[in-house]
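All the letters of the sequence shown, read from the start, carry residue numbers 5 to 234 under the UniProt record's numbering. Virtual Cβ for every residue (Gly too), placed ideally from N, Cα, C. The model shown is predicted, which means the values in this text are computed figures rather than measured ones. All remarks here apply to the structure that follows.
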Amino acid sequence: LLEDKDFVSPTRVRLEGRRLRHVQEVHRAAVGDDLVVGRLGGNLGRGRVLALDDALELEVTLDQAPPPKLPLTLVLALPRPKVLNRVLAAAASLGVARIHLVNAWKVEKSYWKSPRMAEENLLLQRVLGLEQARDTVLPSLELHRLLRPFAEEVLPSLAAGTTALVAHPGVPVPCPRDLTGPVTLAIGPEGGFLPQEVELLGRAGLTPVNLGSRILRVETAVAALVGRLF
Ligand code: SAM
């Protein structure tokens, strides 16, 4: 995935670091090969390898629109840093349109201070997901360090006019097998939402649903829920 700073002219890019290594080690490309490339936030197309040593130089043609996003807003209680990376990349590769990372009682305070919360890392994880999926458009990402004001002031307008659900084990209503957009989905932290938090989300318009009798890890619950939109 190419960023504006990679372009040395409108059709020529020069890459070093992560993407150079990826092309050398994963694609094992050679001069003259064509690679699938895309411009962050723009079109997809192909890049012909012009040089490949200390840097990768490509002649690019970007003429295809990226795939559409899923009409889905994911509200996710901040998981532990290692899991956060995987969930962000997975959500981006699945085509989630919007992600809100929120606090909850069982989210450890230290998670908010993790180096993985640095803006560059949050961007990198989503870019890795997009590259996997041949997409170029980032899911938007917002952080809400307090659950109550988010649930009272922001969530009601996100949920309005959407199928709005909060996944919570043990509640009587099963999650529908198929979901058609627009959808708002909330997923709890590793220790789950408190009953009071589920009520708070319920007052914002979200219906508590179960995903069956198995308790799933956060990243598995995200995949199981997002999969219902495919
Ligand atoms: N002990 C926690 C509890 O009982 O809530 C388990 C939390 S689970 C590891 C993490 C999150 O994934 C939950 O807060 C929920 O949003 C979602 N989840 C996992 N399994 C689920 C299930 N069977 N039904 C509904 N939600 C589930």
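Item                                                                                                                                                                   : Value
With three or more beta-carbon pairs closer than 8 Å as the criterion, would you say the stretch 130 to 137 touches the stretch 84 to 104?                             : yes
Just tell me which of G99, R138 and P83 has its CA closest to the CA of E112.                                                                                          : P83
Flag I219 as yes when its Cβ comes closer than 7 Å to any non-hydrogen atom of ligand 1, and as no otherwise.                                                          : yes
In this structure, how does DSSP classify N89 when only helix, strand and coil are distinguished?                                                                      : helix
At a cut-off of 7 Å, would you count G231 as near ligand 1, judging by its Cβ distance to the nearest heavy atom?                                                      : no
Excluding the five sequence neighbours on either side, which residues of its own chain have a C-beta within less than 6 Å of the C-beta of L24, listed in chain order? : L60
In or out: L150 buried (at least 16 other Cβ within 10 Å) or exposed?                                                                                                  : exposed
My parser needs the beta strand (DSSP E) runs of 3 or more residues fully inside the stretch 24 to 70; what are they?                                                  : 38 to 42, 48 to 56 and 60 to 68
Tell me where the alpha helix (DSSP H) around P160 begins and ends.                                                                                                    : L159 to A163
On the DSSP letters alone, give me the boundaries of the alpha helix (DSSP H) that A108 sits inside.                                                                   : No alpha helix (DSSP H) holds A108; DSSP gives it neither H nor E.
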